[in-house]
Every structure is written in C-alpha cells, then in structure tokens.
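Asks:
Protein chains in written order, with this note's numbering: chain E, 847 to 962; chain B, 30 to 146.
Given below as structure tokens:
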C-alpha cells in the first residue's frame with residue numbers, strides 16, 4: 847500500500863492552457879474524490895466516483911472541468927482554458943466502505959496549480 | 030446542509046502547554062466528525078473521527094476530541110504541545126446519507142497551530 851499518489855505535484859501554466867492531473871488511489875479503495883483547496887481555506891468537494899461511475903459533481907465544477915475514472919482505478923481531472931481563479935491545490939482522496947458509516951478518506955499530497 | 034466553523038484561524042502555544050482547537054458544526058442529521066492535520070506541502074492526515082460511538086475520541090499523536098451534542102462542538106485537545114505539532118488543523122463533518130452513502134466532507138477553514146519553544 848503506497849497511499850494515494852498524485853501527479854504532477856506542481857504545475858505552472860499560462861491562462862487559457864489545458865492541464866490534466868492524475869490520481870492513483872489505494873488499490874483496494876473503490877471510492878475516489880477530488881477536492882480543491884485555495885489559500886487560507888479548507889478543502890472543498892468537487893466530485894466523487896464509486897468504481898468508474900461519477901456519482902456527484904459540485905456546482906464548483908464548471909463546464910471547463912472534467913473528471914474521469916475509466917477503469918475504476920486511477921482518475922484524471924482536466925481543466926480546459928485555465929483561468930487565474932483556478933489556481934489552487936487539487937487534492938485527491940480515496941476510501942472503501944466501512945461498516946457503521948463514517949467513510950474515512952485517505953488524501954494524497956495534492957497537485958498545486960498556478961495559472962499565470 | 031452541514032457546515033463547520035473553526036474559531037480562531039491562528040493559535041499559538043508554548044511547548045508543553047495545553048492545545049485547544051475549537052470546532053462547531055451544524056447538521057440537520059446526526060453527524061460524523063473528523064479532525065485532519067496538514068503539514069506544509071503535504072496532504073491531509075486523519076487525526077481522529079467521531080462516528081456516534083464514544084463521545085470522547087482518542088486519536089494519534091496524543092490528540093483527543095469530545096463530541097458535545099448540546100453545544101454542537103467537537104473541540105480538539107492535547108495536554109502538552111510538542112514542536113512537531115505545528116501544522117494546520119481542519120475539522121470536517123459528513124453525514125451518512127444512507128443507501129449509497131459516501132464521505133463527502135465539509136471542512137472548516139482551518140486553524141494554524143504555532144508552537145513556541
């Protein structure tokens with residue numbers, strides 16, 4: 847178990863460019879989440895997958911954002927036509943169902959995006 | 030809807046002193062509550078969780094938190110601060126939606142803990 851891996855750790859891009867982040871969850875976890883964290887704020891939920899199905903998307907996820915988890919393993923988060931307001935840390939987390947509720951998330955180290 | 034308020038964006042203590050980080054939640058159904066810690070340039074690490082069992086929850090690194098329904102609080106404490114405790118701490122809430130329940134967390138804004146020698 848190598849934990850949740852995210853790549854790249856840092857990305858600097860110019861406004862208008864597309865960027866893609868990858869997340870490799872813990873192998874036995876069937877649930878995968880994306881969160882966004884801006885400076886001085888707590889993480890905010892973006893979207894959630896159970897296996898390959900995307901079950902919920904936050905209103906924060908505009909049409910320029912798309913997430914996939916094609917085979918129920920790794921996931922990608924793509925941002926098209928980046929804007930300066932997209933600058934943030936993008937966190938991925940995974941979990942597996944636990945008896946009694948309280949789905950405990952394991953977070954990756956995050957991918958920091960800076961849009962110039 | 031659910032929400033979390035962390036009172037105090039910055040807390041400073043001396044090494045060996047009591048650590049108290051405050052968290053109040055709002056939830057229309059019984060909540061599950063968490064404290065996470067984030068060190069610089071790292072992801073969030075779970076410190077402890079409340080899942081409707083014991084109201085006093087013990088976590089890693091000597092931290093504990095008490096769920097008080099009447100006060101809608103879940104404050105984090107540690108009897109004696111260590112330099113290595115310096116980090117940002119987040120309180121989070123979720124609810125078991127039933128059926129295909131999931132852990133969509135709502136986080137507070139975070140509290141930065143500084144520990145002075």
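The C-beta atom is built at its ideal place from N, Cα and C for all residues, glycine as well. All figures in this text were calculated on a predicted structure; none of them were measured in a lab.
(1) Distance cutoff 8 Å, beta carbons only. Does residue 951 of chain E sit that close to anything in chain B?
(2) Which whole-angstrom value is the C-beta distance of residue 64 of chain B and residue 76 of chain B, which I expect to be below 8 Å?
(3) Going along chain B, which residues have a C-beta under 8 Å from residue 937 of chain E?
(4) Taking only beta-carbon atoms, is residue 148 of chain B less than 8 Å away from chain E?
(5) If we ignore side chains and look at the alpha-carbon of each, how far apart do residue 102 of chain B and residue 860 of chain E end up?
(6) Could you compute how far the alpha carbon of residue 44 of chain B sits from the alpha carbon of residue 115 of chain B?
(7) Using the beta-carbon count (16 or more within 10 Å), is residue 133 of chain B buried or exposed?
(8) Nearest to residue 891 of chain E by alpha carbon, out of E:855, E:878, E:899, E:897?
(9) What first and last residue would you give for the beta strand (DSSP E) that runs through residue 106 of chain B?
(10) What residues in the region 901-921 of chain E have a beta carbon less than 8 Å from any beta carbon of chain B?
(11) Which same chain residues end up closer than 6 Å to residue 889 of chain E when comparing Cβ atoms and leaving out the 5 residues on each side of it in sequence?
(12) Using a beta-carbon distance below 8 Å, is residue 134 of chain B in contact with chain E?
(13) Are the C-beta of residue 888 of chain E and some C-beta of chain B separated by less than 8 Å?
(14) How long is the line joining the alpha carbons of residue 926 of chain E and residue 958 of chain E, rounded to whole angstroms?
(15) Do you know how far the Cα of residue 93 of chain B is from the Cα of residue 946 of chain E?
(16) To the nearest angstrom, how far is the alpha carbon of residue 145 of chain B from that of residue 112 of chain B?
(17) Of all Cβ atoms in chain E, is any one closer than 8 Å to the Cβ of residue 119 of chain B?
(18) Out of E:849, E:862, E:870, E:848, point me to the one whose CA is closest to residue 923 of chain E's CA.
(19) Should residue 885 of chain E go down as buried or exposed, given a rule of 16 or more other Cβ atoms within 10 Å for buried?
(20) So, are the CB atoms of residue 142 of chain B and residue 33 of chain B less than 8 Å apart?
(21) Looking at the unbroken beta strand (DSSP E) that takes in residue 33 of chain B, where does it start and where does it end?
Replies: Well, looking at it:
(1) yes
(2) 4 Å
(3) 72, 73
(4) Absent from the model: residue 148 of chain B. The displayed extent of chain B is 30 to 146, so no value can be given.
(5) 43 Å
(6) 10 Å
(7) Label assigned to residue 133 of chain B: buried.
(8) E:878
(9) 102-107
(10) 901, 902
(11) 881, 883, 937
(12) yes
(13) yes
(14) Cα to Cα, residue 926 of chain E sits roughly 16 Å from residue 958 of chain E.
(15) Note that residue 946 of chain E scores a pLDDT of 48, beneath 50, so its modelled location is shaky; the value from the coordinates is reported in the next line. Near 21 Å, if we compare the C-alpha coordinates of residue 93 of chain B and residue 946 of chain E.
(16) 7 Å
(17) Residue contact with chain E for residue 119 of chain B: present (Cβ-Cβ distance below 8 Å to some residue of chain E).
(18) E:870
(19) exposed
(20) no
(21) 31-36
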